[in-house]
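These notes concern the structure reproduced below.
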Amino acid sequence: VALTYNAAFFDAFVNWSGLLILGYTNFSMPLLLDLKLKTVRAARAMGKKMVSSDDGSTTKTTKGIMILVTASITSVIVISIADSLNLAAAAFLFTAFMVARVKV
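Under my numbering, the residues of the sequence shown are numbered -15 to 88, in order.
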């Protein structure tokens, strides 16, 4: 059993999963929920079922911060796994593009 145990792999897996769970759960998800809550509260206040998510500068600022935070977390995870700055930059740009397309 001791010969098949790979401590370096286990250490990398724990670090990667910790970054993934803590990063997205503690930072990206609360920002996304904040954006959704603003949309729902604005709709209820106006007596409508749905309003557009583009309801002011606060929403735009929150979405911009969510894009940067989510893309940064992704690039940190990629650089910790692949040890490549170019790949991390590509992951940052791809994630920023994909998160920007999400409708809240």
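We put the CB at the ideal spot given by N, CA and C, even for glycine. In this text, all values refer to a predicted model and were calculated from it rather than measured experimentally.
Tell me whether the stretch 60 to 75 and the stretch 24 to 32 touch, counting them as touching only if at least three CB pairs, one residue from each stretch, are closer than 8 Å. no
Would you decide whether residue 13 is buried or exposed? Buried here means 16 or more other CB atoms lie within 10 Å of its CB. exposed
Taking the alpha-carbon of residue 77 as reference, which of 11, 86 and 56 has the nearest alpha-carbon? 56
So, is residue 47 buried or exposed, given that buried needs 16 or more other C-beta atoms within 10 angstroms? buried
If I'm right that residue 75 touches residue 54 with Cβ under 8 Å, what's the distance once you round it to whole angstroms? Wrong, their Cβ atoms sit about 11 Å apart, outside the cutoff.
For residue 9, count neighbouring Cβ atoms within 10 angstroms of its own Cβ and tell me buried if that reaches 16, exposed if not. exposed
Where are the alpha helix (DSSP H) runs, 4 residues long or more, that stay fully inside the stretch 11 to 68, in chain order? 13 to 30 and 41 to 66
Distance CB(residue 3)-CB(residue 61) smaller than 7 Å: yes
Return the chain-ordered list of same chain residues with a C-beta closer than 7 Å to the C-beta of residue 79, the five sequence neighbours on each side being excluded. 54, 55 and 58
Mind checking whether residue 83 and residue 49 have CB atoms under 7 Å apart? no
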